[in-house]
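Once you know that position 176 of the sequence shown is 176 in UniProt numbering, the rest is easy, because the numbers rise by one and skip nothing.
Note that beta-carbon positions come from the ideal geometry of N, C-alpha and C, so glycine has one too.
Remarks on the structure that follows.
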Amino acid sequence: MNERELSLIRALGEEFSLALGELRESFRKSLSDYQQTTEEHLTRLSLEVASLKDTPAPDFTTLLADAVASLPVPEAPELPDIGAMVSEAVVAMPVPQDGKSVTVEEIRPVLEELVSKAVAEIPVPKDGKDYDPAILRQAVDDAVSEAVAEIPAPQDGKSVTVEDVRPVLQELITAAMPEIPDVKSLVSEAVADLPAPEPGKNGEDGRDALALELLPFIDESKSYPRGSYATHNGGLWRAYEKTHGMRGWECVVDGIAGVEVSMEGMRNFTVTVNRSSGAIEKKAFDVPVMVYRGVFKSGDEYLPGDTVTWGGSLWHCDEQTQDKPGETGSKGWTLAAKRGRDGRDKT
Numbered sequence: 001m002n003e004r005e006l007s008l009i010r011a012l013g014e015e016f017s018l019a020l021g022e023l024r025e026s027f028r029k030s031l032s033d034y035q036q037t038t039e040e041h042l043t044r045l046s047l048e049v050a051s052l053k054d055t056p057a058p059d060f061t062t063l064l065a066d067a068v069a070s071l072p073v074p075e076a077p078e079l080p081d082i083g084a085m086v087s088e089a090v091v092a093m094p095v096p097q098d099g100k101s102v103t104v105e106e107i108r109p110v111l112e113e114l115v116s117k118a119v120a121e122i123p124v125p126k127d128g129k130d131y132d133p134a135i136l137r138q139a140v141d142d143a144v145s146e147a148v149a150e151i152p153a154p155q156d157g158k159s160v161t162v163e164d165v166r167p168v169l170q171e172l173i174t175a176a177m178p179e180i181p182d183v184k185s186l187v188s189e190a191v192a193d194l195p196a197p198e199p200g201k202n203g204e205d206g207r208d209a210l211a212l213e214l215l216p217f218i219d220e221s222k223s224y225p226r227g228s229y230a231t232h233n234g235g236l237w238r239a240y241e242k243t244h245g246m247r248g249w250e251c252v253v254d255g256i257a258g259v260e261v262s263m264e265g266m267r268n269f270t271v272t273v274n275r276s277s278g279a280i281e282k283k284a285f286d287v288p289v290m291v292y293r294g295v296f297k298s299g300d301e302y303l304p305g306d307t308v309t310w311g312g313s314l315w316h317c318d319e320q321t322q323d324k325p326g327e328t329g330s331k332g333w334t335l336a337a338k339r340g341r342d343g344r345d346k347t
């Protein structure tokens with residue numbers, strides 16, 4: 001197994017670890033939300049069961065009265081017009097012959113027969129039967145009592161504990177939990193699917209360091225092949241590709257191309273070191289030498305190492321100051337050479 005395959009296996013392992021971590025976090029969040037929702041439903045169910053115990057029994061008397069009042073009143077059947085039928089029958093009778101009197105007794109049997117026939121043809125009404133309210137009320141009471149008796153009596157609610165809910169949650173979790181993939185088998189399959197690497201080509205034969213040819217300088221107008229070595233700006237350079245000017249060269253030994261020393265002020269110096277790679281290093285320092293500044297001038301600033309003449313004496317500055325040397329309370333000055341006595345004439 002080469003380095004590429006190991007890198008691929010490590011990368012796949014990291015990706016699977018991240019994916020499993022996200023899956024675990026998502027499942028933990030879903031489980032927490034489901035558990036919270038279940039607890040809310042159980043609490044709501046407990047409240048509804050408790051409210052059923054306090055519900056009063058229904059008033060059956062009122063319900064029966066409302067039911068009876070809502071019954072429709074049956075309509076009376078429509079009877080035929082008997083008078084019209086009699087008139088039609090009389091009209092249909094033959095006209096009596098002249099000279100023969102007809103009495104009422106002779107007509108009565110004919111009328112009775114016609115009336116009986118007409119009444120017999122009247123259909124018997126179905127909905128016209130009178131009803132007894134007491135009998136109807138008793139029937140309604142019996143039906144309501146049977147319906148109420150068939151309703152199961154509610155039992156008192158039970159408190160639900162975590163142990164009671166645990167099997168249900170476990171079953172739901174088992175059903176919702178996806179199967180965790182076998183990482184080892186997935187990695188093995190991924191590695192098996194990789195194409196077989198082609199054998200690498202042999203590199204160039206190595207050379208002894210003493211056998212390397214060092215060019216004395218680099219001519220930027222020329223192009224040098226890969227693997228050339230040369231000295232340039234005090235350092236050792238190698239060509240990592242075919243060069244064009246200074247492109248393709250790299251500094252393998254960073255030497256010193258030059259050193260410059262500059263003076264700033266009377267005792268401050270700066271040393272600049274120019275490296276072969278082009279880097280620049282600077283170091284500054286002060287040389288503690290005595291510098292004669294002439295006669296003391298009020299208002300000028302004096303630095304450590306300065307010397308001045310004042311009152312015929314030579315004074316040395318020990319620290320940065322503007323005080324006048326020799327005065328009471330003056331700081332930063334030391335008497336270096338005291339003024340001598342004035343000379344006398346020989347005469």
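query                                                                                                               : result
Simplified DSSP assignment, three categories, for Thr-328                                                           : coil
Per-residue burial, Val-308 [other beta carbons within 10 Å of its own, 16 or more giving buried]                   : buried
Candidates Ala-69, Glu-189 and Arg-341: closest to Glu-5 by CA position                                             : Glu-189
Straight-line Cα distance separating Leu-42 from Leu-71                                                             : 44 Å
Asp-342 to Met-290 span [Cα, whole Å]                                                                               : 27 Å
Separation of Arg-24 from Lys-242, as counted between CA atoms                                                      : 54 Å
Spatial neighbours of Trp-333 in its chain, beta-carbon cut-off 8 Å, leaving aside the 5 residues before and after  : Trp-315, His-316, Cys-317, Asp-318, Thr-321, Asp-323, Pro-325 and Gly-326
Inter-residue spacing [alpha-carbon to alpha-carbon] between Phe-27 and Asn-2                                       : 37 Å
N-terminal and C-terminal residue of the beta strand (DSSP E) that Gly-294 is part of                               : 291-295
Span of the beta strand (DSSP E) around Gly-258                                                                     : 256-264
Reduced DSSP category for Asp-306 - H, G, I as helix; E, B as strand; rest coil                                     : strand
Range covered by the beta strand (DSSP E) that runs through Val-252                                                 : 247-253
Integer Cβ distance of Val-271 from Lys-283, believed to fall under 8 Å                                             : 5 Å
Distance between beta carbons of Arg-293 and Ser-313, contact taken as under 8 Å                                    : About 14 Å; that fails the 8 Å criterion.
Selected residue, minimal CA-CA separation from Tyr-302, among Gly-265, Thr-328, Asn-274 and Phe-269                : Gly-265
Local conformation of Arg-10 per DSSP, three classes                                                                : helix
Pair within 9 Å by beta-carbon distance, Trp-237 and Ser-276                                                        : yes
Near the ligand ATP: Thr-272 beta-carbon under 8 Å from a heavy atom                                                : Among the ligands in the structure shown, none appear at all, so the ligand ATP cannot be discussed.
Beta-carbon spacing of Ile-218, Gly-234 below 9 Å                                                                   : no
Extent of the continuous beta strand (DSSP E) to which Tyr-240 belongs                                              : 235-244
Supposed contact pair Gly-248 and Ala-239 - C-beta distance, whole angstroms, cut 8 Å                               : 5 Å
Contacting residues, own chain, Cβ-Cβ under 7 Å from His-232 (five flanking each side not counted)                  : Phe-217, Ile-218 and Ser-276
For Thr-336, three-class secondary structure by DSSP                                                                : Here residue 336 turns out to be Ala, not Thr, going by the sequence shown. Three-state DSSP puts Ala-336 in a strand.
Val-287 vs Glu-281 beta-carbon contact at 9 Å                                                                       : no
Which residues DSSP lists as bridging Glu-281, in chain order                                                       : Val-273
Close-in-space but distant-in-sequence residues of the same chain around Val-252 (CB under 6 Å, 5 per side omitted) : Leu-236 and Arg-238
Bridge partner(s) assigned by DSSP for Thr-231                                                                      : Leu-236
For His-316, the residue or residues it bridges with in DSSP                                                        : Thr-307 and Thr-334
C-beta contact flag for Leu-214 and Tyr-224 at 9 Å                                                                  : no
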